[in-house]
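Peer 1: Sharing a structure below in structure tokens format, with a few things to ask.
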Amino acid sequence: MALAFRKLSAGVAAAALLVFCTPAEAVDQAAIKKDVDQIITAVRRAAGPGPGLQFDGQATVREQAGEVVVTFPTITSKGPEGGMVLRPITLRIKDIDADQQQVTIQLPPRVDATGPDGKPMLSLVIGAQNLAGVWRKSIQNFESLNMALDRVTVQDPAQKALVEIQRISATGGVKEGIPGVWSGSIKVAVDGTKVAAPDGTAVTIGSTFYEYSLKDARLVELAKLTDAAGVSLANPRLLISGGAVSQQQWQQIIDMVAQLPTLVGGMSILYGVSDLSITHPMMGPQPMFRAENLAFGFGVANDGAGGASLSLGIDLKRMLGPSELPIDIPAVAIPHSFDLRIEIDQLPTGAVWDAFFGTLRQQFARAPQARPGQRAPSPEELLEGAAGAAFGASLPVAMDSFAKARPQIHVRSLSLAFPEARIDGVGTVRFAPEAPQMASGSFDVKLAGLDDLIEKLGRAPKSDEEATAVVALTFLRGLGKPTPGPGGKPIYVIQIQMAEDGKVMANGIDAMKVIELLDKSR
């Protein structure tokens, strides 16, 4: 199964590489045929000698109804772990105008994998597909993308479904806001997954997704830099060469990466899983593990003043059922959901970035010198040495810049929900890099449902842990200032103040003394 998926992915990647080769003005059959042959040659070179990877003939390129149609040959792989047959992949390219092209990919409806003995092992079956997008050559990106594979299954030789997926999709694109500045996102999702293992273990996943976003990106300029370096979609010279990378080529890549902060205003990555459940016959119908929602997000954005802000988000809902917990914890103490949104600003990334790449460029540009009796260092060895020198040069700059900038950590949202209670918080902490223990700031905490939780746990504590929890919660309630809440039940508010002298106050009370009292109550 893993082999089939790997080979299918390789086929999709090979088809995608064809888009790289389109010229600036119009679809050119000869140019596409030349680059397709280069791609196949590079794949063959990477596979090495022997019968491990075979191509059934050459790729064909023809014109049909105003489109250029590219058809890859059948690819067969054989090895000790088994083999695979990937039937022809077809790519259709049609000019919309001088810059835009309609691209359509047709994958084979079935990919067959064999075991080490050559007998059928698995088949990857695609029920329906629609893989289309509008490619804009000037920015080397999809302006719009609408790709979907429906009713995807992995079957055993008896055609029993081991994996079922309702839909695999890739959607999104980029749009131009002000002239030359683009923003957008691409989302890849896998919906309705069911996996049946031979031992009876069953896994169901409502949806899994990955989303990548760009904001205020000067994609035309970025495309020109990647083109010059030979790593662009229009000029994949370095990607398909299959040979060693020269020092000059590495220098072009370094120059390209060094300019990224000036070309991209911000980027973010979001990954999530929803409605995940794992069951096993020995456990009965109760899931071994379940999660209603798991999501993680990360983003970075330039502030326009040589710095950047960093954002982080976590969203977890209903991770486990009480009966599956490895230790005895009261159901009322099991969190149902956790949500966190953090932003760190005033990060002096510009000075650190400039110091690192300034040294890297200078060190790497030096001609490699060979010691007597030894060979000259390779470009990769030279790059490794230059990177070490650049790190050493940028470290003191980073320490000094962070000390002067004093970044702020903003907790935009913090929420922890239990069956009987809920904790919410917001606040800001100013970080002092030269003395982390001297961070200062404030944080507001709201405790809802605390009365009901204390009452339920305090009726008849089943363990010392429950009794200790009742004492701790009672202390927290005593610290909080009650305010009216839903249904007439109070919400307790605790305002936490952190001073640079290390003192922490909770509603005007020394928090360290509270912790000491809680410790003595155990």
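Residue numbers (mature numbering (1 follows the signal peptide of the UniProt record, and there is no 0)): -26 to -1, 1 to 496. Built from N, CA and C at the ideal position, the CB exists for glycine as well. Quantities reported herein were computed from a predicted structural model and do not represent experimental measurements.
#1: V194 to K111, Cα distance in whole Å?
#2: Would S242 pass as a contact of S187 if the rule is Cβ separation under 9 Å?
#3: Rounded to whole angstroms, what's the CA-CA distance from K189 to L237? Just pull it up for me.
#4: DSSP beta-bridge partners for A87?
#5: At the level of alpha carbons, what is the spacing between A144 and M373?
#6: Taking the CB atoms as reference points, tell me whether K420 and V467 lie closer together than 9 Å.
#7: Note down, one range per segment and in chain order, each beta strand (DSSP E) of at least 3 residues found wholly within the stretch 34 to 82.
#8: Count the other C-beta atoms from every protein chain shown that fall within 10 angstroms of the C-beta of Q336, then say buried if there are 16 or more, exposed otherwise.
#9: For R113, name the three-state secondary structure that DSSP assigns.
#10: Specify whether the stretch 249 to 265 and the stretch 347 to 365 touch according to this definition: at least 3 beta carbon pairs, one from each stretch, less than 8 Å apart.
#11: Going straight from the alpha carbon of T200 to that of A191, what length do you get?
#12: Less than 8 Å separating the Cβ of L244 from some heavy atom of the ligand NAD?
#13: Quick one: Cα of E55 to Cα of G180, how far?
#14: Using a Cβ-Cβ cut-off of 7 Å (strictly less than) and excluding sequence neighbours within five positions of G107, which residues of its own chain qualify?
#15: On the DSSP bridge assignment, give the partners of I397 in chain order.
#16: Which value, in whole angstroms, describes the spacing of the CA atoms of P255 and K52?
#17: Just checking my contact of V126 with I113 at CB under 8 Å: how many whole Å lie between their CB atoms?
#18: Hey, could you find the ends of the alpha helix (DSSP H) V445 is sitting in?
#19: Taking 9 Å as the cut-off, decide whether the C-beta atoms of K463 and D438 are in contact.
#20: How long is the line joining the alpha carbons of V128 and I6, rounded to whole angstroms?
#21: In three-state DSSP terms, what is E474?
#22: Take the Cβ of M486 as the centre, count every other Cβ of all protein chains shown within 10 Å, and call the residue buried at 16 or more, exposed below.
#23: Taking A361 as the reference, give the member of T15, E394, V385, W327 with the closest Cα.
#24: Buried or exposed: L286, going by 16 or more other Cβ atoms within 10 Å of its Cβ?
#25: I'd like the list of long-range same chain contacts for E394, defined as Cβ closer than 7 Å, with 5 residues on each side in sequence excluded.
#26: Got a sec, what are the start and stop residues for the beta strand (DSSP E) S28 sits in?
#27: Excluding the 5 residues preceding and the 5 following P381 in the sequence, name in chain order all residues of the same chain whose CB lies nearer than 7 Å to its CB.
#28: State the start and end residues of the unbroken beta strand (DSSP E) segment that holds G166.
#29: Going by beta carbon distance, what residues of the same chain come within less than 6 Å of S311, once the five residues before and after it are set aside?
#30: Just to confirm before moving on: does the CB-CB distance between T182 and K168 stay below 9 Å?
#31: Could you check if T15 is buried or exposed, using at least 16 other CB atoms within 10 Å of its CB as the buried criterion?
#32: Less than 9 Å between the beta carbons of L65 and T50, yes or no?
#33: DSSP on S187, reduced to helix/strand/coil?
#34: Pull up the CB-CB distance for I316 and V385, whole angstroms please, since I reckon it's below 8 Å.
#35: Please report the straight-line C-alpha distance between P62 and G401, rounded to a whole angstrom.
#36: Consult DSSP for I483 and reduce its assignment to one of helix, strand or coil.
Peer 2: According to the structure data:
#1: 9 Å
#2: yes
#3: 10 Å
#4: M58, L96
#5: 42 Å
#6: yes
#7: 34 to 38, 41 to 45, 49 to 53, 56 to 60, 64 to 69, 74 to 80
#8: exposed
#9: The sequence given here places Ile at residue 113; Arg does not occur at that position. Looking at I113 - three-state DSSP - the assignment turns out to be coil, as it is neither helix nor strand.
#10: no
#11: 14 Å
#12: Of ligands this structure carries none, so the ligand NAD is not represented either.
#13: 32 Å
#14: V77, F116, S118, L119, N120, M121
#15: L390, L421
#16: 37 Å
#17: Wrong, their Cβ atoms sit about 31 Å apart, outside the cutoff.
#18: 438 to 453
#19: no
#20: 33 Å
#21: coil
#22: exposed
#23: W327
#24: exposed
#25: V306, G423, D426, L427, K430
#26: Rather than Ser, the amino acid found at residue 28 in this sequence is Gln. Residues 27 to 29.
#27: I318, D319, Q320, L321, F405
#28: 156 to 170
#29: K291, A391
#30: no
#31: exposed
#32: no
#33: strand
#34: 6 Å
#35: 57 Å
#36: strand
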